[in-house]
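Written below as structure tokens is the structure these notes are about.
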Amino acid sequence: MSYFSDIYKGIKTLLTGMSVTGGYFIRARKGAITQQYPDNRETLKMFDRFRGEVVMPHNADNRHYCTGCQSCEIACPNGSIEIIWDRAVDPETGKKKKKIDKHIYHLSMCTMCGLCIEACPTDAIVWAPNFENSVYDRSKLTKILNQPGSSVLDGIED
Amino acid sequence: MNFTQMIIPLNITKTISDWIYSIMPETAASYTIMVIIAVAYLALFAVAGLYLVLLERKVAAWFQLRIGPNRVGPWGLLQTMADALKLVSKELTSTIKIDKFLYNLAPYFVIVSALMAMAVFPFSKQFQAFDINIGVFFLIAISSIGVIGILLAGWSSNNKYALIGAMRSGLQTISYELSVGLSILTMVLLTGTLQLSEIIEAQRTGGWLILQGHIPSIIAFMIFMIAGTAETNRAPFDLVEAESELGAGFHTEYSGMKFAYFFLAEFINMFIISSIAVVLFFGGWLSPFGITENIAWFPQVFWFIIKVLGLIFLMMWFRWTFPRLRVDQLLTLEWKYLLPLNLMNIVLMAIVIWLNWTI
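As you go down the protein sequences, you meet chains V and C in turn. For the first sequence, the working numbering gives the first residue as 337, with consecutive numbering after it. For the second sequence, the working numbering gives the first residue as 1266, with consecutive numbering after it.
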């Protein structure tokens, strides 16, 4: 008599499935995962691991963590990062030390692979959640990540 | 056949029909009234079909924790209107090697058979266009004409996916037609009449048929809903369209308004299946426990629509819960489970009626 038990089991499992989706239906108004994007631009918060663009954080004194080691430039698979660097005499030790002049980042070429950020020994560059990257002029996508007049924080060595 | 018997409880229809009879000879007047009623039904169910599409999209969104259409009009209420306007304005493309006549005929077969079935439903005591004494039989006959349209569409498109979809549709409809018919027959045993208005009258005193016939009625209802979902080619029985396998199935080669006809017919068919279930199992326009029985102004059509929407929601619930069946599973379900159960159920119902075990 597995015929009738099959029918019973079939109906039972179907009802189980329907109760699951029915639960979702009832909770849908509170738990909708859709973002009403252009309307909620002010409150929209992207997720921690979202890859928008690469930025270099600076502190209040306009100092950053980049030593100009070029690890990111080497790690980048398609040459989105170029670093123009220089050597200057360190006033404390009197030795010549590498420092960055311009950290150039081509957002138009970047594939958001994140290898540069993994390669950075001092965590000088991080992901930013900004995703509205459309511009009218392609040259605007070439960004200089270090702010003008900034310098590396004291004591940062790679 | 006296079409003019349709009198919507508002006196406006009576005024109009009196006026038409006063200005033209009797034959011409009755034909004019037929045309007016047909156009009214056409407009009503085109709009109803559009709003069912919107309901489907909203319900689907809520099942999937989304929001659904909410941009066109308040709460997205005009979304499907905009879609229909877009489809009307689109070019009707077709391939070269189609059978032109059948290709153009197919959508009308589908939509006309869907709209014909609407004529016999008693939406309320007076709101019924065509009250024939073989109403249930008429419904079963009409609902199987639609599949001819689908077969024609698949065949004339000269497209292998369309043909596979159409053949599956034929297979599926022929199989599940049996279950629909037999489960309706089970309920007809209980009422002893095929006339839809009398079936509803039979439920006024004894309670809804699903209660009157208790166990066999509930089994018949379950079988009817399963087979009805298969008849309308909706998921989980949407092998006919099977987007992931066949492109769009039988309407792969259709575009613009012809495609919209197929789409609309699917939703009107859903309405029809739900309406049959409401009439046969849930008392049609009768209010639950007769709560609005004595309120003269209360529109009885309200209860009919509420019940139909409930069953339509059930079918949408099926659609957004269950995965699509394979062809062999489809046939196993019908021939190995539904049909034998249905035959047993008819015998059970006959015994219940014979021994007066009805409630």
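Glycine included, C-beta positions come from ideal geometry on N, C-alpha and C. Keep in mind that this is a model prediction, so the values were computed, not measured.
Any C-beta of chain C under 9 Å from that of residue i
i, result
"Val356(V)", "yes"
"Arg365(V)", "yes"
"Leu350(V)", "yes"
"Gln372(V)", "yes"
"Tyr360(V)", "yes"
"Ile369(V)", "yes"
"Gly353(V)", "yes"
"Ile492(V)", "no"
"Ile461(V)", "no"
"Ile343(V)", "yes"
"Ile347(V)", "yes"
Contacting residues, own chain, Cβ-Cβ under 7 Å from residue i (five flanking each side not counted)
i, result
"Ser1552(C)", "Glu1558, Trp1568"
"Cys412(V)", "Leu451, Cys452"
"Arg1332(C)", "The sequence given here has Ile at residue 1332(C), not Arg. Excluding sequence neighbours, Ile1332(C) sits near Ala1326."
"Glu1599(C)", "Ser1440, Tyr1441, Ser1444"
"Leu1315(C)", "Thr1345, Met1346, Ala1349"
"Gly1446(C)", "Ile1405"
Residues of its chain near residue i, where Cβ-Cβ distance is below 6 Å and the 5 sequence neighbours each way are ignored
i, result
"Gln1460(C)", "Asn1398, Gly1400"
"Ala1467(C)", "Thr1456"
"Asn1534(C)", "Ala1379, Thr1497"
"Leu1590(C)", "Pro1501"
"His442(V)", "Ser416, Thr478"
"Val390(V)", "Tyr441, Ile461"
"Pro1334(C)", "Arg1322, Gly1341, Gln1344"
heavy atom of the ligand NAD below 8 Å from residue i C-beta
i, result
"Ile1281(C)", "Among the components of this structure there are no ligands whatsoever, and the ligand NAD is therefore not found."
Beta-carbon proximity of residue i to residue j, cut-off 9 Å
i, j, result
"Ile410(V)", "Ile420(V)", "no"
"Gly388(V)", "Phe340(V)", "no"
"Ser1448(C)", "Ala1495(C)", "no"
"Asn1369(C)", "Lys1523(C)", "yes"
"Gly1414(C)", "Leu1504(C)", "no"
"Met1490(C)", "Leu1579(C)", "yes"
"Trp1562(C)", "Pro1387(C)", "no"
"Phe1486(C)", "Tyr1441(C)", "no"
"Ser1408(C)", "Ile1537(C)", "yes"
"Ala368(V)", "Ser407(V)", "no"
"Phe1547(C)", "Leu1474(C)", "yes"
"Val1544(C)", "Leu1576(C)", "no"
"Ile1618(C)", "Leu1450(C)", "no"
"Ile1570(C)", "Leu1404(C)", "no"
"Trp1582(C)", "Phe361(V)", "yes"
Cβ-based burial, residue i [other Cβ within 10 Å; buried from 16]
i, result
"Gln1477(C)", "buried"
"Met1609(C)", "exposed"
"Leu1350(C)", "exposed"
"Gln1393(C)", "buried"
"Gln1270(C)", "With a pLDDT of only 46 at Gln1270(C), under 50, the local geometry of the prediction cannot be trusted, and the value read off the model is given with reservation. Exposed, because fewer than 16 other Cβ atoms sit within 10 Å of the Cβ of Gln1270(C)."
"Pro457(V)", "exposed"
"Met1266(C)", "In this prediction, Met1266(C) scores a pLDDT of 39, lower than 50, which makes its location untrustworthy; the coordinate-derived value is nonetheless stated afterwards. The residue in question, Met1266(C), is exposed, as its Cβ has fewer than 16 Cβ neighbours within 10 Å."
"Gln528(V)", "Since the first and last residues shown for chain V are 337 and 494, residue 528(V) lies out of range."
"Arg1433(C)", "buried"
"Gln1594(C)", "exposed"
"Lys1601(C)", "exposed"
"Met445(V)", "exposed"
"Ala364(V)", "buried"
Below-9 Å beta-carbon distance, residue i vs any chain V residue
i, result
"Tyr1602(C)", "yes"
"Arg1331(C)", "yes"
"Thr1586(C)", "yes"
"Val1324(C)", "yes"
"Leu1606(C)", "yes"
"Thr1535(C)", "Position check: residue 1535(C) holds Met in this sequence, whereas Thr was assumed. Chain V contact via Cβ: absent."
"Met1432(C)", "no"
"Met1487(C)", "yes"
"Trp1327(C)", "yes"
"Trp1582(C)", "yes"
One or two residues paired with residue i in a DSSP bridge
i, result
"Thr478(V)", "His442(V)"
"Ser487(V)", "Arg399(V)"
"Arg423(V)", "Lys434(V)"
"Trp1622(C)", "Paired residue(s): none; Trp1622(C) is not in a bridge."
Neighbourhood of residue i by C-beta distance below 8 Å, restricted to the same chain and skipping five residues each side
i, result
"Arg423(V)", "Lys432, Lys433, Lys434, Lys435"
"Val471(V)", "Leu477"
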